[in-house]
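Engineer:
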Amino acid sequence: MDRLILLRHAKAEGEAPSGDDFDRALAPRGQREARAVGMQLAALGLRPDLAVVSPSARTRETWELVELSVAGAAVKFEPALYNAEAGAIRKIAEKTGAGARTVIVVAHNPGLQELAVRLMRDGTAPAECLSRAQRHFPPGAVAVFDFDAEGRATVDQLFYPERGL
1 MDRLILLRHA
11 KAEGEAPSGD
21 DFDRALAPRG
31 QREARAVGMQ
41 LAALGLRPDL
51 AVVSPSARTR
61 ETWELVELSV
71 AGAAVKFEPA
81 LYNAEAGAIR
91 KIAEKTGAGA
101 RTVIVVAHNP
111 GLQELAVRLM
121 RDGTAPAECL
131 SRAQRHFPPG
141 AVAVFDFDAE
151 GRATVDQLFY
161 PERGL
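Take 1 as the starting number for the sequence shown in the numbering used here and just add one per residue.
Here it is in structure tokens:
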């Protein structure tokens with residue numbers, strides 16, 4: 001894996017009709033944000049070879065809307081990503097993404113934010129970028145990391161969806 005894209009699911013509805021957190025779908029704002037994130041990834045030339053997606057309703061829907069702009073990735077729904085902690089997310093990405101050049105992981109906080117911050121610290125990211133990721137990693141947030149031959153990460157992009165979409 002040469003590049004890892006961490007994508008937090010877009011804004012979800014407050015409650016699912018079933019009452020189960022796993023079943024929460026995207027709110028209308030989240031749908032707009034997911035489409036916008038997909039367009040931004042495409043505009044930056046960031047097209048994943050593999051998408052590893054938590055199977056919750058909001059993560060699946062986020063990926064489906066992002067995929068409209070960055071089509072072509074193989075998709076693996078990974079149950080262990082549902083509310084996974086940072087170390088587990090990284091292991092899943094590395095194991096599942098072996099042989100892929102660009103992997104996108106669509107999952108949940110706090111694990112995604114914690115992983116983004118860890119990778120930024122390990123890769124000596126600019127202080128402003130690290131501080132921003134530590135303070136807030138909102139729904140629809142994207143962190144992109146490039147890996148060198150020794151497996152060290154360097155942050156390439158950090159962006160959040162525009163509010164008011």
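Cβ coordinates follow ideal geometry from the N, Cα and C atoms, glycine included.
Spell out the partners DSSP gives ALA153 in its beta bridges.
Structural biologist: DSSP output for ALA153 lists PHE147 as bridge partner(s).
Engineer: What runs of the beta strand (DSSP E), each 3 residues or longer, lie entirely inside the segment 42-73?
Structural biologist: Listed in chain order, they are 50-53.
Engineer: Return the first residue and the last residue of the alpha helix (DSSP H) that THR124 is part of.
Structural biologist: No alpha helix (DSSP H) contains THR124, which DSSP labels as neither H nor E.
Engineer: Can you name, in chain order, every residue of its own chain whose Cβ lies under 6 Å from the Cβ of ARG3, other than the five neighbours on each side?
Structural biologist: So the list reads THR102 and ASP146, once near-sequence residues are dropped.
Engineer: Name the two residues that bound the continuous beta strand (DSSP E) containing ALA107.
Structural biologist: That run of the beta strand (DSSP E) goes 102-107.
Engineer: Counting C-beta neighbours from all protein chains within 10 Å, is the total for GLU78 16 or more, i.e. buried, or is it exposed?
Structural biologist: GLU78 comes out buried.
Engineer: Have a look at SER18 and PRO126 and give me their C-alpha separation to the nearest angstrom.
Structural biologist: Between SER18 and PRO126, the C-alpha separation is close to 43 Å.
Engineer: Can you tell me where the beta strand (DSSP E) holding ARG8 begins and where it ends?
Structural biologist: Unbroken beta strand (DSSP E) run through ARG8: 3-8.
Engineer: How do the segment 24-38 and the segment 134-146 stand: do at least 3 beta-carbon pairs fall below 8 Å, yes or no?
Structural biologist: Cβ pair count under 8 Å is three or more, so yes.
Engineer: Once the 5 residues before and after LEU173 are set aside, which same chain residues still bring their CB inside 8 Å of it?
Structural biologist: Only positions 1 to 165 of the chain appear in this structure, which leaves residue 173 out of reach.
Engineer: Who does LEU115 pair with in a DSSP beta bridge?
Structural biologist: None, per the DSSP bridge assignment.
Engineer: How about LEU26 and VAL66: are their beta carbons less than 8 Å apart?
Structural biologist: No, they are not a contact pair.
Engineer: If ALA93 sits next to VAL52, beta carbons under 8 Å apart, how far is it from one beta carbon to the other, in whole angstroms?
Structural biologist: About 6 Å separates the two Cβ atoms, so the contact holds.
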